[in-house]
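Trainee: Supplied in structure tokens, the structure appears directly below.
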Amino acid sequence: MQQGKYIKWFAVAATIGMLLILLGGALVTKTESGMGCGRSWPSCNGELIPEKITAEVLIEFSHRLVTGAVGILIVVLAVWAWRKYGHIRETKFLAVMAVFFLVLQALIGAAQVLWGQGDFILALHFGISLISFASVLLLTLLIFEVDRKFDADRLVIGRKLRIHTIGVTLYSYIVVYTGALVRHTDSSLICSDWPLCRNDQFALPNNMYEWVQMGHRFAAGMIVLWLAYIAWHAFKNYKEQRVIYWGWIIAFIIVVLQATTGMLVVLTKLNLVVALLHSLLISLLFGLLCYMILLVSRSRAKAK
């Protein structure tokens with residue numbers, strides 16, 4: 245009984261830590277601190293602990309420390325969950341995913357420092373970390389037996405909602421990638437207005453940067469409409485299954501807040517707090533969508 249209590253606290257710490265990695269990576273990108281430690285890795289400017297501390301060094305070095313410490317937590321959690329909850333069918337898969345994608349994002353970050361990477365490759369970095377975060381989050385939910393509290397084993401999810409759940413989750417990853425591409429191509433303020441690039445004229449984008457920015461806005465607008473439809477469908481047809489009912493309503497609320505912060509990022513000229521909140525909300529949304537995928541898989545397994 246005591247061991248179950250410890251692993252729950254450990255899982256919460258790992259989840260929060262993974263969220264800090266996501267926000268720390270976003271902070272590094274938004275403050276352009278990626279080269280704060282120069283072209284050396286895992287050392288910082290050739291030193292184990294840098295002597296000369298600037299804002300860029302502090303941000304980049306702190307991000308590396310947090311990633312290393314949380315990485316250890318996640319490996320321990322994965323092994324611990326594997327041994328204690330291996331009988332739950334998703335546990336082993338999620339444990340492997342959490343560790344694999346954490347290592348992969350660390351390697352991409354190291355490669356960027358040592359050799360440099362193109363913008364389109366770097367944009368994958370946040371998305372890869374996001375998969376690791378979602379895996380850790382789902383592991384934590386399994387450990388806390390959230391499924392039992394919501395009677396997830398009794399869910400009956402129709403084919404229509406199953407298709408939309410899988411589709412919108414996959415599509416959300418495209419939205420994440422386009423958003424990361426906006427940051428890595430320095431396209432955040434290429435369009436000074438919102439919702440159009442320039443509200444005084446309706447025209448197609450003039451260059452790659454405007455295409456990246458407006459492409460992300462279009463993708464974000466589509467997911468808002470898609471989640472609005474799914475939330476309406478859940479509200480209409482799944483009132484008796486509260487995890488589905490509330491899950492999609494919360495997803496819609498998050499995506500509206502996400503779109504709002506995206507607008508404010510432009511209007512406030514990249515206010516750092518707003519930009520980090522933007523990253524936080526998409527992380528929470530993706531984690532929730534992945535949980536809905538898990539529920540869909542449970543429903544299909546039960547049907548079989």
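Each residue of the sequence shown is one higher than the one before, starting from 245 at the first, in this note's numbering.
Glycine included, each C-beta is placed from N, C-alpha and C at the ideal position.
Here the structure is a predicted model, which is why all the values come from computation and not from measurement.
For LEU351 and LEU538, which I take to be in contact (beta-carbon distance under 8 Å), what is that distance rounded to the nearest angstrom?
Mentor: With a Cβ gap of about 27 Å, LEU351 and LEU538 do not count as contacting.
Trainee: Are at least three pairs of beta-carbons, each pair with one atom in the segment 330 to 337 and one in the segment 294 to 312, less than 8 Å apart?
Mentor: no
Trainee: Taking DSSP as the reference, what is the three-state secondary structure of GLU300?
Mentor: helix
Trainee: Could you tell me the distance, in whole angstroms, from the CA atom of LEU532 to the CA atom of TRP285?
Mentor: If you draw a straight line from the Cα of LEU532 to the Cα of TRP285, it is about 34 Å long.
Trainee: If you reduce the DSSP assignment to three classes, tell me which class LEU528 lands in.
Mentor: helix
Trainee: How close, in whole Å, do the beta carbons of SER527 and LEU263 come, if the pair is a contact with beta carbons under 8 Å?
Mentor: 6 Å
Trainee: Quick one: residues in its chain with C-beta nearer than 7 Å to the C-beta of HIS477, no 5 flanking neighbours on either side, listed in chain order?
Mentor: LEU405
Trainee: Within 10 angstroms of the Cβ of PHE364, are there 16 or more other Cβ atoms? Answer buried if so, exposed if not.
Mentor: exposed
Trainee: Do you know whose CA, among ALA354, ILE418 and TYR482, lies nearest ARG283's CA?
Mentor: ALA354
Trainee: Can you give me the start and stop residues for the alpha helix (DSSP H) that ARG403 sits inside?
Mentor: Where ARG403 is concerned, the enclosing alpha helix (DSSP H) starts and stops at 403 to 428.
Trainee: Ends of the alpha helix (DSSP H) at MET341?
Mentor: 335 to 358
Trainee: Can you give me the Cβ contacts of LYS548 inside the same chain, cut-off strictly under 7 Å, excluding the 5 residues immediately before and after it?
Mentor: Bear in mind that a pLDDT of 49 at LYS548, under 50, signals an unreliable position, so the number given afterwards is only what the model happens to contain. Residues of the same chain with their beta carbon placed closer than 7 Å to that of LYS548 are lacking, with the five preceding and five following residues left out of the count.
Trainee: Once you ignore the five residues that flank ASN451 on each side, which residues in its own chain have a CB closer than 7 Å to its CB?
Mentor: Same-chain partners within the cutoff: there are none.
Trainee: Measuring CA to CA, which of LEU469, LEU440, LEU471 and ILE467 is closest to MET458?
Mentor: LEU440
Trainee: So within the segment 450 to 502, which uninterrupted alpha helix (DSSP H) runs reach at least 4 residues, ignoring any that extend past its ends?
Mentor: If we require 4 residues or more, the alpha helix (DSSP H) runs fully inside the segment 450 to 502 come out as 452 to 481.
Trainee: Leaving out five residues before and five after SER523 in sequence, what residues of the same chain have Cβ atoms less than 8 Å from its Cβ?
Mentor: LEU266, LEU267, ALA270 and PHE370
Trainee: Identify whether ILE260 lies in helix, strand or coil by the three-state DSSP scheme.
Mentor: helix
Trainee: Only counting the same chain, and skipping five residues up and downstream in sequence, which positions put a Cβ closer than 8 Å to that of GLN361?
Mentor: ILE352 and ALA355
Trainee: Taking the Cβ atom as the reference point for each residue, do SER436 and ARG442 lie within a distance shorter than 8 Å?
Mentor: For the 8 Å CB-CB criterion, SER436 and ARG442 form a contact.
Trainee: Measuring CB atoms only, is the segment 476 to 496 touching the segment 453 to 467, in the sense that at least three cross pairs come out at less than 8 Å?
Mentor: no
Trainee: How about ILE401 and ILE488: are their beta carbons less than 8 Å apart?
Mentor: yes
Trainee: How would you label HIS331, buried or exposed, when you count the other beta carbons within 10 angstroms and need 16 or more for buried?
Mentor: exposed
Trainee: Less than 8 Å separating the beta-carbons of SER277 and GLU304?
Mentor: Between SER277 and GLU304, the C-beta spacing is below 8 Å.
Trainee: Am I right that LEU448 and VAL412 are in contact with their C-beta atoms under 8 Å? What's the rounded C-beta distance?
Mentor: Rounded, the Cβ-Cβ distance is 27 Å, inconsistent with contact.
Trainee: I'd like to know if VAL412 contacts chain C, where contact means its C-beta is closer than 8 Å to some C-beta of that chain.
Mentor: Chain labels in this structure do not include chain C; a single protein chain is all it has.
Trainee: So is GLN445 buried or exposed if we call it buried at 16+ other beta carbons inside 10 Å?
Mentor: exposed
Trainee: What is the DSSP secondary structure of CYS534, reduced to helix, strand or coil?
Mentor: helix
Trainee: Keeping to the same chain, check which residues put their C-beta closer than 7 Å to that of TYR482; ignore five residues upstream and five downstream.
Mentor: ILE488 and TYR489
Trainee: Quick one: what's got a C-beta closer than 8 Å to LEU514's C-beta in the same chain, skipping five residues either side?
Mentor: LYS274, SER432 and LEU433
Trainee: Considering only the alpha carbon of each residue, which of ALA339, THR512, GLY261 and LEU525 lies closest to SER416?
Mentor: LEU525
Trainee: Should ALA550 and LEU321 be called a contact, given that it needs their Cβ atoms to be closer than 8 Å?
Mentor: Any answer about residue 550 is impossible in this case: the structure gives the chain only from 245 up to 548.
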